[in-house]
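Reviewing the structure listed below.
Number of protein chains: 6
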Amino acid sequence: MKKRILVIAPHPDDETLGAGGTIAKYSEQGHEVTVLVVSGHLPPLYSREDYEITVEEARKAFVLLGVVDSRFLEIPATMIGDQPVHVTNASIGDVVKEIAPHVVLCPFPDRHVDHRVVFESVMVATRPVAAGRGIELLAAYEALSETHWNAPHIEPNFVPNWIVDITGQIQRKLAAVACYQSQIPAFPGARSIEAVNALATLRGTQAVFAFGEGFHVIRMIG
Amino acid sequence: MKKRILVIAPHPDDETLGAGGTIAKYSEQGHEVTVLVVSGHLPPLYSREDYEITVEEARKAFVLLGVVDSRFLEIPATMIGDQPVHVTNASIGDVVKEIAPHVVLCPFPDRHVDHRVVFESVMVATRPVAAGRGIELLAAYEALSETHWNAPHIEPNFVPNWIVDITGQIQRKLAAVACYQSQIPAFPGARSIEAVNALATLRGTQAVFAFGEGFHVIRMIG
Amino acid sequence: MKKRILVIAPHPDDETLGAGGTIAKYSEQGHEVTVLVVSGHLPPLYSREDYEITVEEARKAFVLLGVVDSRFLEIPATMIGDQPVHVTNASIGDVVKEIAPHVVLCPFPDRHVDHRVVFESVMVATRPVAAGRGIELLAAYEALSETHWNAPHIEPNFVPNWIVDITGQIQRKLAAVACYQSQIPAFPGARSIEAVNALATLRGTQAVFAFGEGFHVIRMIG
Amino acid sequence: MKKRILVIAPHPDDETLGAGGTIAKYSEQGHEVTVLVVSGHLPPLYSREDYEITVEEARKAFVLLGVVDSRFLEIPATMIGDQPVHVTNASIGDVVKEIAPHVVLCPFPDRHVDHRVVFESVMVATRPVAAGRGIELLAAYEALSETHWNAPHIEPNFVPNWIVDITGQIQRKLAAVACYQSQIPAFPGARSIEAVNALATLRGTQAVFAFGEGFHVIRMIG
Amino acid sequence: MKKRILVIAPHPDDETLGAGGTIAKYSEQGHEVTVLVVSGHLPPLYSREDYEITVEEARKAFVLLGVVDSRFLEIPATMIGDQPVHVTNASIGDVVKEIAPHVVLCPFPDRHVDHRVVFESVMVATRPVAAGRGIELLAAYEALSETHWNAPHIEPNFVPNWIVDITGQIQRKLAAVACYQSQIPAFPGARSIEAVNALATLRGTQAVFAFGEGFHVIRMIG
Amino acid sequence: MKKRILVIAPHPDDETLGAGGTIAKYSEQGHEVTVLVVSGHLPPLYSREDYEITVEEARKAFVLLGVVDSRFLEIPATMIGDQPVHVTNASIGDVVKEIAPHVVLCPFPDRHVDHRVVFESVMVATRPVAAGRGIELLAAYEALSETHWNAPHIEPNFVPNWIVDITGQIQRKLAAVACYQSQIPAFPGARSIEAVNALATLRGTQAVFAFGEGFHVIRMIG
């Protein structure tokens with residue numbers, strides 16, 4: 701049975717860093733993956749040009765990963781929390797309603813304020829009522845660097861309880877990450893290709909396969 | 701595809717209280733459910749007769765739930781922890797090896813010392829190496845009373861992240877629980893039929909269906 | 701000795717769902733219960749009419765439960781967090797000052813943003829200084845659905861350490877819940893009468909009496 | 701109404717360090733306090749003489765605090781965990797049955813293995829069934845030094861949610877602590893009189909009174 | 701080697717209460733301590749005069765403690781969170797950039813909303829990128845009263861994993877605290893001199909020296 | 701100033717996997733590193749020959765890492781917990797007394813029962829009294845596989861708050877790991893060289909240097 705997967709990214713690249721291999725795998729298996737990008741590198745902190753570049757990069761990455769549909773809400777970076785909660789909730793809720801997904805993958809509430817605000821809105825939009833009733837699995841991915849910069853034992857710390865085997869998809873994931881030239885620093889940057897590869901190796905070998913992606917299962921309904 | 705499900709119970713009745721509806725559902729769907737009962741109401745705390753009664757009750761419940769195979773390790777209640785850890789690990793590990801399950805359901809480490817010792821041994825037996833590599837899902841069920849008697853915020857407290865819809869199985873679950881005449885107290889006992897029904901209603905309505913069973917997902921591999 | 705009890709509800713119905721039996725019990729024992737409702741179903745998300753209906757329902761429920769005094773701050777739903785923190789703190793703080801309560805019951809910080817904002821303001825208003833010095837017990841109640849929709853192991857999860865025996869008050873609690881016709885869905889809704897009954901049964905039987913309400917004790921002074 | 705209070709100490713002095721002021725206060729109010737001392741400074745780690753000294757000191761402290769009854773189970777220090785769990789459970793359970801307490805104060809599960817083993821047995825003996833049904837309040841006290849030596853964020857860390865005002869009892873508490881000449885080191889020892897006084901001042905001023913004792917409420921039934 | 705220490709205080713007095721002894725010790729050892737005060741007792745909640753008084757008090761305390769440099773951002777108390785996150789982040793980030801500290805001491809995210817907002821901004825400003833790469837140690841201090849008023853087991857609770865021996869600095873710390881005449885209440889106030897002394901004694905004797913200050917290590921790089 | 705470092709390993713290879721780079725770095729800096737190996741691959745679960753092989757491998761690794769002294773307590777694997785607690789405490793305590801270390805690195809309490817038992821004994825032996833008073837830093841390392849197999853959100857989960865830059869030592873660490881031919885599986889084994897390298901890359905890039913080792917600081921005294 702074909703399933704609808706909704707991956708929600710605070711900014712372009714989070715979806716690929718956190719769930720690129722899993723997106724590619726769902727897509728290979730014939731499922732339909734939509735990516736919703738909530739915020740972007742927009743003024744006042746960035747120029748419109750910066751934004752266009754990252755969107756261009758995202759589109760290339762989405763093609764590589766087999767994403768069939770994508771949405772960009774265009775809220776300026778770090779400012780999602782500056783609009784009323786019910787507005788953000790409605791924007792994300794509308795997409796959930798329209799897509800009616802079986803699986804939702806969202807950011808972990810971490811060091812980047814936008815990740816937290818998006819996480820909270822996703823939690824509201826995916827409650828098991830109305831549009832949320834068809835969701836079979838809701839899980840949070842880890843975003844290299846920001847997720848690991850939460851203060852240990854003060855803020856929530858990421859510990860995966862779901863590992864997806866992406867051994868067959870690792871090359872595509874790395875290629876998709878490489879699309880984000882404006883975002884990915886050189887080694888030893890926390891989001892360098894080498895770091896991405898290391899995290900995939902660690903998550904994979906934890907479950908004794910070569911490459912993996914780790915998720916925190918929030919709600920599974922079966 | 702037919703799957704093998706292994707449900708591990710510290711004592712007879714834990715498997716039915718914690719996962720009876722899910723066992724019945726797996727069984728209806730054509731999967732093969734085995735129950736491993738680790739301990740029993742044996743001397744010195746109980747008489748051999750007590751033990752035989754609970755085994756008889758268990759067998760009736762297993763038939764109702766569609767369990768195809770069951771094992772009884774016959775270690776006296778409260779005394780599993782008195783044998784060397786590697787012996788317990790081996791007993792449980794051998795069954796995991798033999799069954800090669802796709803899904804393992806185990807007790808939550810709670811107020812009953814046997815539940816903790818069994819939990820720990822299951823954690824060893826299900827590591828994703830050797831026999832454990834084929835396990836796709838490992839989750840802990842809640843055992844009414846004992847699980848809710850863990851000291852709040854000192855010991856681990858049960859919060860489900862997986863809810864199984866057992867609306868179609870609730871009658872069979874209640875009937876199976878009723879088989880355990882020697883174990884199930886009258887209302888308002890913590891394991892009374894009314895309490896079982898209330899917990900199923902709460903877990904179900906949390907996810908907006910009528911009856912449910914809640915689990916803590918420990919490791920999902922996909 | 702007659703005590704003053706202050707129950708703080710983000711929206712009308714939270715107080716009854718979370719603490720209706722306990723309110724009724726305090727009232728039966730001759731204590732004085734005041735309910736403070738902070739927010740309401742007001743524009744822009746709701747119409748003024750919606751609001752009036754819920755207030756009407758609340759007043760009926762309050763009579764049934766023996767509430768002697770109630771206040772409605774009339775801040776629009778989901779928008780408490782949009783006013784400056786010190787304004788919300790002052791509104792709630794003024795009521796604490798005026799009532800000088802011995803017991804304060806407040807919402808658990810859960811999936812509804814208003815519950816969190818109210819929780820935080822109550823924490824400020826009940827600090828053991830000035831007006832707060834006379835408070836003997838501060839505890840959070842669980843609000844069916846929202847409290848159980850916090851993300852497991854990421855957000856705080858409700859685990860009660862105080863159970864009130866409401867066996868003698870369950871009928872009145874259910875009747876009070878039923879007053880909220882505009883708010884309470886049919887079974888298997890997460891706030892259906894059946895769910896309310898199930899939660900009361902579970903909390904009661906955990907402590908081996910018929911019906912109960914569970915609270916998280918935050919500060920007890922004795 | 702006169703209440704029965706049972707204070708359970710792993711070793712003589714824990715009860716006074718952790719709850720001496722509260723014991724004195726209960727006693728002043730006309731309640732009946734029993735102390736159960738589970739272990740002692742006995743061979744092989746200590747001499748019988750060492751043990752007799754501490755018992756003598758305990759008896760003096762108990763008189764000062766107004767303890768009406770005391771029991772000494774005489775299990776050698778660090779070795780409670782070496783006897784079968786059901787034996788320890790039975791020893792403690794029998795006292796609970798006999799005393800039928802309204803309030804039970806027990807050690808927090810901390811760095812001393814005996815504190816953990818006693819904590820676990822108390823958790824079993826005070827379950828709200830049979831003899832446990834009359835218990836209205838179960839709380840854990842903090843034992844200076846050992847409780848604060850739990851590994852932060854790995855083992856449970858003590859955070860009080862109940863503060864008892866012992867301003868009127870602090871002198872008696874300090875005098876009772878001073879009885880334990882063989883156990884209490886000079887300043888800056890972790891259990892020195894100065895440390896005891898400092899902890900009482902901190903717990904008191906947290907709630908804005910002069911001296912206090914902090915507890916972790918485990919189960920309150922009301 | 702001379703190090704640069706940056707201590708960040710939400711309001712004047714937090715730095716002295718939380719880290720006064722450690723500041724004095726660093727200063728004695730020849731290191732350079734800068735204090736950044738983010739907020740102040742300013743309108744609308746306070747008068748400008750109130751503010752000037754606290755700044756005057758702060759300056760006296762800083763001289764006593766050997767602080768070489770201080771900055772006051774002058775954001776009105778309780779209102780830091782009312783400006784956009786990126787503005788606060790930039791203000792604090794600029795100071796981190798300019799000072800290029802080896803050690804950063806910041807508030808624990810506790811009951812005062814300003815402490816939380818400052819904590820979050822410090823977490824962003826001290827990420828191990830750009831200006832943050834030279835930071836060897838980032839730790840949170842405890843602010844008497846507010847830190848201990850976090851809701852137990854709902855909000856993060858302070859448990860120190862780093863204790864600084866301030867036996868040689870306790871007199872200077874107490875003198876510096878005494879400079880804050882407008883802020884420090886009489887005993888048994890939660891921030892009274894007696895409470896400060898008690899906390900220092902407790903933290904010290906936990907590690908078996910006379911007086912100490914406790915910190916929560918967030919990130920140490922070595 | 702030359703410091704004494706004590707690294708405690710449940711079994712040979714844990715010290716190298718968890719802290720090999722840090723050991724090499726301390727040694728390069730002129731500090732004196734001692735390794736205490738508590739258990740071994742001994743009968744009944746292993747043959748004496750198995751044991752000799754791992755000891756031989758350990759000695760080679762120790763030479764590479766610059767370890768100056770090592771001890772082997774020779775307790776059979778999985779059976780440390782079968783001897784009385786005070787015996788294990790004394791064995792480890794004696795070594796702490798003799799070495800009088802400034803830094804102690806110990807295992808995290810994880811999925812291997814020996815790791816837990818050793819952790820607990822180290823916690824006792826390193827309390828800040830007597831021999832423990834000179835310890836400036838006590839931290840737990842992560843042991844690939846076992847540490848990551850703790851049940852998420854039920855058992856303690858490893859989150860590092862101290863990262864050591866081992867960029868200059870990574871080659872020696874990998875060479876030392878390679879000495880353990882009998883223990884290290886091929887990729888994608890959880891303890892394969894590739895997994896070791898990935899974890900070092902992840903821990904390093906988290907702090908924006910090339911290779912790192914992560915620790916959980918338990919107690920720092922300064």
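Protein chains in written order, with this note's numbering: chain G, 701 to 922; chain U, 701 to 922; chain S, 701 to 922; chain A, 701 to 922; chain D, 701 to 922; chain R, 701 to 922.
C-beta atoms are modelled at their ideal positions from N, C-alpha and C, and glycine is treated no differently.
Given the structure is predicted, the values throughout are model-derived calculations rather than measurements.
Worksheet item: In whole angstroms, what separates the C-alpha of R/Ala830 from that of A/Ser845?
Response: Approximately 14 angstroms between the Cα atoms of the pair.
Discussion item. Could you check whether the region 897–909 of chain D touches the region 785–798 of chain R, counting it as contact only if at least three pairs of C-beta atoms, one from each stretch, sit closer than 8 angstroms?
Written reply: no
Worksheet item: Where are the beta strand (DSSP E) runs, 3 residues long or more, that stay fully inside the region 756–838 of chain U, in chain order?
Response: 769–776, 803–807
Discussion item. At the 8 angstroms Cβ level, is U/Phe915 part of the contact set with chain S, yes or no?
Written reply: no
Fill in: Whole-number beta carbon distance between U/Val767 and U/Val923, since they are thought to touch under 8 angstroms
In the structure as shown, chain U starts at 701 and stops at 922, and residue 923 of chain U therefore has no counterpart that could be examined.
Worksheet item: At what residues does the beta strand (DSSP E) containing G/Leu706 begin and finish?
Response: 704–709
Worksheet item: Where do the ends of the beta strand (DSSP E) carrying U/Val735 lie?
Response: 732–740
Practice prompt. List the DSSP bridge partners of D/Tyr746.
Written response: Beta-bridge pairing links D/Tyr746 to no other residue.
Worksheet item: Do we get a CB-CB distance below 8 angstroms when we pair D/Val925 with the residues of chain G?
Response: Not covered by the structure: residue 925 of chain D. The range shown for chain D is 701 to 922.
Worksheet entry | Stretch pair the region 890–899 of chain A + the region 888–905 of chain D: three plus CB contacts closer than 8 angstroms | At 8 angstroms Cβ cutoff, the stretches touch.
Worksheet item: In the DSSP assignment, what residue or residues form a beta bridge with G/Trp862?
Response: G/Phe915, U/Met920
Worksheet item: Taking all protein chains shown into account, do 16 or more other C-beta atoms lie within 10 angstroms of the C-beta of G/Gln869, making it buried, or fewer, making it exposed?
Response: buried
Fill in: Chain-order list of residues whose beta-carbon lies under 7 angstroms from that of G/Pro885 (same chain, five-residue window excluded)
The beta carbon of G/Pro885 is closer than 7 angstroms to those of Arg891, Ser892 in its chain, skipping five residues each way along the sequence.
Discussion item. Any beta carbon of chain U sitting closer than 8 angstroms to that of R/Trp849?
Written reply: yes
Discussion item. Nearest by alpha-carbon distance to D/Asn861: which of D/Arg872, D/Glu913, D/Ser821 is it?
Written reply: D/Glu913
Discussion item. Please list, in chain order, the chain R residues whose beta carbon lies closer than 8 angstroms to that of G/Phe909.
Written reply: Pro888
Discussion item. Output needed for G/Ala878: all residues of its chain with C-beta closer than 8 angstroms, excluding positions within five of it in sequence on either side, in chain order.
Written reply: Excluding sequence neighbours, G/Ala878 sits near Ile884, Ile893.
Discussion item. For A/Tyr751, which residues in the same chain have their Cβ closer than 7 angstroms to its Cβ, ignoring the five residues on either side in sequence?
Written reply: So the qualifying residues of the chain are Gly740, His741, Leu742.
Practice prompt. Give the range of the alpha helix (DSSP H) segment to which R/Tyr726 is assigned.
Written response: 714–728
Worksheet item: Hey, D/Ala843 and D/His815 are a contact pair by Cβ (cut 8 angstroms); roughly how many whole angstroms apart?
Response: Going by Cβ atoms, the distance from D/Ala843 to D/His815 rounds to 7 angstroms, so yes, they are a contact pair.
Worksheet item: Is the CB-CB distance between R/Ser770 and R/Ile792 below 8 angstroms?
Response: no
Item to complete: Measure the Cβ-Cβ separation of S/Ile918 and S/Leu838 and say whether it is below 8 angstroms.
Response: In contact: S/Ile918 and S/Leu838 (Cβ atoms closer than 8 angstroms).
Practice prompt. Go ahead and pull the three-state DSSP assignment for A/Tyr841.
Written response: strand
Practice prompt. Report yes if the C-beta distance between D/Gly834 and D/Ala825 is below 8 angstroms; otherwise report no.
Written response: no
Fill in: Buried or exposed by the 16-neighbour rule on C-beta atoms within 10 Å, applied to G/Met701
exposed
Discussion item. For G/Asp810 and A/Glu756, I'd like the C-alpha separation in whole angstroms.
Written reply: 56 angstroms
Discussion item. Mapping the DSSP letters down to three states, classify D/Thr867 as helix, strand or coil.
Written reply: Looking at D/Thr867 - three-state DSSP - the assignment turns out to be coil, as it is neither helix nor strand.
Worksheet entry | Simplified DSSP state of S/Ala907, which is helix, strand or coil | coil
Worksheet item: By the 10 Å Cβ neighbour count, where 16 or more other Cβ atoms means buried, how is U/Val817 classified, buried or exposed?
Response: By the neighbour-count rule (16 or more Cβ atoms within 10 Å), U/Val817 is buried.
Worksheet entry | Residue burial classification, U/Pro828 (beta-carbon count within 10 angstroms, cutoff 16) | Label assigned to U/Pro828: buried.
Worksheet item: Which of helix, strand or coil does DSSP assign to A/Asn857?
Response: coil
Practice prompt. Please list the partners that R/Pro828 has in chain D, where partner means a Cβ-to-Cβ separation under 7 angstroms.
Written response: Ala907, Val908
Worksheet item: chain S beta carbons: is any one of them nearer than 8 angstroms to that of U/Pro852?
Response: yes
Worksheet item: Taking all protein chains shown into account, do 16 or more other C-beta atoms lie within 10 angstroms of the C-beta of U/Arg872, making it buried, or fewer, making it exposed?
Response: Looking at its Cβ environment, which holds 16 or more other Cβ atoms inside 10 Å, U/Arg872 is buried.
Fill in: A/Met920 versus S/Ile863 - alpha carbon distance
6 angstroms
Fill in: From A/Arg704, A/Thr722, A/Pro744, A/Leu745, residue whose alpha carbon lies closest to that of A/His731
A/Arg704
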